[in-house]
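**Q** In this text, residue positions in the sequence shown follow the UniProt record's numbering: the first is 1, and each later residue adds one. Built from N, CA and C at the ideal position, the CB exists for glycine as well. Would you mind keeping the following structure in view while I ask a few things?
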Amino acid sequence: MLSPEEKARYSRHLIIPGVGMEGQIRLKNASVLLIGTGGLGSPAALYLAAAGVGRLGLIDPDTVDVSNLQRQLLHTDSAVGKSKLDSAAARLRETNPHIELVLHPVRFTPENALSIANGYDIILDGSDNFPTRFLANDTAFFLKKPLVYGAIHRFDGQMTVFAPHLGSPCYRCLLPESPAPGAVPSCNEAGVLGVLPGIIGSLQAMEAIKLILGAGEPPLGNILIYDALKTTFRSLRLPHDPSCRLCGSAPTITSVSNAETNASASCAVTDPNMKAITASELKDMLAADDFNALLIDVREPEEYDVINIPQAKLVPLQTIPTYAKNLPKDTRIILHCKAGMRSAKACEYLSSLGFTDVTNVTGGMDAFQRL
């Protein structure tokens, strides 16, 4: 039952038809596992805690970085360098001391996914990489638990609920296989408007609360698309794929450990034959009198304007094909970007054209400016 303090706290819920005392007790007895306490996990966790969801599990092995603060509102400037879980827990306990927090300071992996998720009613995916999204999906499928999915990119977001046991498709019906490494830029590479994850994460929290209450209709078989620049929401029908390798009529995926879930979460291009140097090695080379390579920065002009290496020539990735037409194939070329992914793609492309001496700077400008 609810204590007098809880009745006062949730008074606006208690007067809503469809929530009331019964619904609030359902919330109190419910549990949600949040994968990630970052852009999506921050608003989702805050609203679930404030709503009185009785037990929240938080998974995040990372520490708070200053670049997180623009969108990850669980964390503050004083938490930079500290555990994200410790930071999140402190904020959530201030938000609502009546809930239980269970902290999992580990990466969500095929080895621990089932054992962690089995103790929760709902899984909320706030991850930022494809292997973890596939793992969250496969885990929810095998445990027959709803998965509240969200994703963001620059000014766009999407959200839905995957629950094949309730008649909906799964994430693999939307994306059967992982994109090629480096094909889709992460938020670290592409950027994201800080308020966007607040909108999508709040929608995820709403769907989790609806599932707990049994209120309304979850978007089973539909995916909500939000375009911030046009201020539009669209709901697109997402049909079940009968040939889905997980939830289809003849499934071939029988475990949470599979090709997609075991892939590297970095999304970096990992060609073993690609020549690479570290940012530190590049710095030493630039300081030498005999530096004679063509250093190319494949980032966008707005990124270059913020910080750059003076010796580098700006050639945005999409213009590399045109720029390369005028270069001798034996030109010694060193490429860098923000974190090493776009420049790796440029290295692969130039090598495919027959350029014989191309090198990628691993870690890119992120690593270079830390020196």
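By Cβ distance below 6 Å, which residues in the same chain neighbour Asn55 in space, the five residues on each side in sequence not counted?
**A** By 1-based counting over the sequence shown, the position of residue 55 is 55. Correcting the residue identity first, residue 55 is Arg in this sequence and not Asn. Excluding sequence neighbours, Arg55 sits near Ser31 and Glu100.
**Q** In the DSSP output, which residue or residues are listed as bridge partners for Gly23?
**A** On the sequence shown, residue 23 is found 23 positions in, with the first residue counted as 1. Answer is none; Gly23 lacks a bridge partner.
**Q** Is DSSP giving Asp86 helix, strand or coil here?
**A** For the purposes of this step, residue 86 is taken as residue 86 along the sequence shown, with counting starting at 1. Three-state result, Asp86: helix.
**Q** According to the Cβ coordinates, are Pro131 and Thr261 closer than 7 Å?
**A** Taking the first residue of the sequence shown as 1, we reach residue 131 at position 131. Taking the first residue of the sequence shown as 1, we reach residue 261 at position 261. In contact: Pro131 and Thr261 (Cβ atoms closer than 7 Å).
**Q** Nearest CA to the CA of Ile253: which residue from Pro176, Glu207 and Leu335?
**A** Working through the sequence shown from its first residue, we reach residue 253 at position 253. The candidate whose alpha carbon is nearest that of Ile253 is Pro176.
**Q** Under three-state DSSP, which class holds Gly198?
**A** Locating residue 198 in the sequence shown gives position 198, counting from the first residue. Three-state DSSP puts Gly198 in a helix.
**Q** Considering only DSSP beta bridges, list what Ile152 is partnered with.
**A** Translated into the one-based positions of the sequence shown, residue 152 becomes position 152. In the DSSP output, where bridge partners are listed per residue, Ile152 has Gly157.
**Q** What separation, rounded to the nearest whole angstrom, lies between the Cα atoms of Met1 and Lys7?
**A** As a working mapping, residue 1 is identified with position 1 in the sequence shown. As a working mapping, residue 7 is identified with position 7 in the sequence shown. The alpha-carbon atoms of Met1 and Lys7 are separated by roughly 10 Å.
**Q** Mapping DSSP to helix, strand and coil, what is Leu295?
**A** Reading the sequence shown from its first residue, position 295 is the one you call residue 295. In the structure shown, Leu295 sits in a strand (DSSP, three-state: E or B).
**Q** For Tyr304 versus Leu314, is the C-beta spacing smaller than 7 Å?
**A** For this step, residue 304 is matched to residue 304 along the sequence shown. For this step, residue 314 is matched to residue 314 along the sequence shown. Yes. Within cutoff.
**Q** Provide the residue span of the beta strand (DSSP E) that contains Ile333, from first to last.
**A** For the purposes of this step, residue 333 is taken as the residue at position 333 of the sequence shown. Where Ile333 is concerned, the enclosing beta strand (DSSP E) stretches over Ile333 to His336.
**Q** For the beta strand (DSSP E) containing Ile59, name the first residue and the last one.
**A** Locating residue 59 in the sequence shown gives position 59, where the first residue counts as 1. Run containing Ile59: Arg55 to Ile59, per the beta strand (DSSP E) assignment.
**Q** Would you be able to state if there are at least three C-beta pairs under 8 Å between the region 79-86 and the region 231-251?
**A** no
**Q** Closest to Lys275 by C-alpha separation, out of Val361, Gly216, Asn326 and Leu203, would be which residue?
**A** Within the sequence shown, the letter at position 275 stands for residue 275. Restricting attention to Val361, Gly216, Asn326 and Leu203, the CA atom closest to the CA of Lys275 is found in Val361.
**Q** Helix, strand or coil for Asp227, going by three-state DSSP, please let me know.
**A** Walking along the sequence shown from the start, residue 227 turns up at place 227. Asp227 falls in the strand class under three-state DSSP.
**Q** Rounded to whole angstroms, what is the Cα-Cα separation between Thr278 and Thr356?
**A** Taking the sequence shown and counting its residues from 1, the one referred to as residue 278 is at position 278. Taking the sequence shown and counting its residues from 1, the one referred to as residue 356 is at position 356. About 20 Å.
**Q** Tell me whether the beta-carbon of Gly198 lies closer than 7 Å to the beta-carbon of Pro43.
**A** Here residue 198 refers to the residue found at position 198 when the sequence shown is read from its first residue. Here residue 43 refers to the residue found at position 43 when the sequence shown is read from its first residue. Cβ distance < 7 Å, so Gly198 and Pro43 count as in contact.
**Q** Can you tell me where the alpha helix (DSSP H) holding Arg237 begins and where it ends?
**A** Indexing the sequence shown from 1 puts residue 237 at position 237. Here Arg237 belongs to no alpha helix (DSSP H); instead the beta strand (DSSP E) covers Thr232 to Arg237.
**Q** Whole angstroms are fine: how far does the CA of Ser280 sit from the CA of Ile290?
**A** Position 290 of the sequence shown holds residue 290. Position 280 of the sequence shown holds residue 280. Just to set this straight, residue 290 is Asp in the shown sequence, not Ile. Within the model, the alpha-carbon separation for Asp290 versus Ser280 is close to 17 Å.
**Q** Taking the Cβ atom as the reference point for each residue, do Leu40 and Leu58 lie within a distance shorter than 7 Å?
**A** Within the sequence shown, the letter at position 40 stands for residue 40. Within the sequence shown, the letter at position 58 stands for residue 58. Cβ atoms of Leu40 and Leu58: not closer than 7 Å.
**Q** In whole angstroms, what is the alpha-carbon distance linking Tyr171 and Leu124?
**A** In the sequence shown, residue 171 corresponds to position 171, counting from 1. In the sequence shown, residue 124 corresponds to position 124, counting from 1. The alpha-carbon atoms of Tyr171 and Leu124 are separated by roughly 13 Å.
**Q** Quick one: what does DSSP say Leu40 is sitting in, helix, strand or coil?
**A** For the purposes of this step, residue 40 is taken as the residue at position 40 of the sequence shown. Coil, per DSSP.
**Q** Less than 8 Å between the CB atoms is what I'm expecting for Val256 and Asp138, so what's the real figure, rounded?
**A** The sequence position of residue 256 within the sequence shown is 256, counting from 1. The sequence position of residue 138 within the sequence shown is 138, counting from 1. Going by Cβ atoms, the distance from Val256 to Asp138 rounds to 5 Å, so yes, they are a contact pair.
**Q** If we call anything under 7 Å between Cβ atoms a contact, is Gln204 one with Val148?
**A** Within the sequence shown, numbered from 1, the residue matching residue 204 stands at position 204. Within the sequence shown, numbered from 1, the residue matching residue 148 stands at position 148. Yes; because the gap between Cβ atoms is below 7 Å, this pair is in contact.
**Q** Using a threshold of 7 Å, state whether the C-beta atoms of Val161 and Leu246 are closer than that.
**A** Position 161 of the sequence shown holds residue 161. Position 246 of the sequence shown holds residue 246. It is not a contact, given that the beta carbons lie outside the stated cut-off.
**Q** Taking the alpha carbon of Gly157 as the point to measure from, which residue in Asp366, Asp128, Asp121 and Lys28 has its own alpha carbon closest?
**A** Here residue 157 refers to the residue found at position 157 of the sequence shown. That would be Asp128, whose Cα lies nearest to the Cα of Gly157.
**Q** Gly354 and Lys329: beta carbons closer than 7 Å?
**A** As a first step, residue 354 must be located in the sequence shown, where it is residue number 354. As a first step, residue 329 must be located in the sequence shown, where it is residue number 329. Cβ atoms of Gly354 and Lys329: closer than 7 Å.
**Q** So, for Ala367: in the same chain, excluding its five sequence neighbours on each side, which residues have a beta-carbon less than 6 Å away from its beta-carbon?
**A** Counting from one through the sequence shown, the residue named residue 367 turns up at place 367. So the list reads Ala279, once near-sequence residues are dropped.
**Q** Opposite Leu313 in the DSSP bridges: which residues?
**A** Within the sequence shown, numbered from 1, the residue matching residue 313 stands at position 313. One detail in the question is off: residue 313 reads as Lys in this sequence, not Leu. DSSP output for Lys313 lists Ile296 as bridge partner(s).
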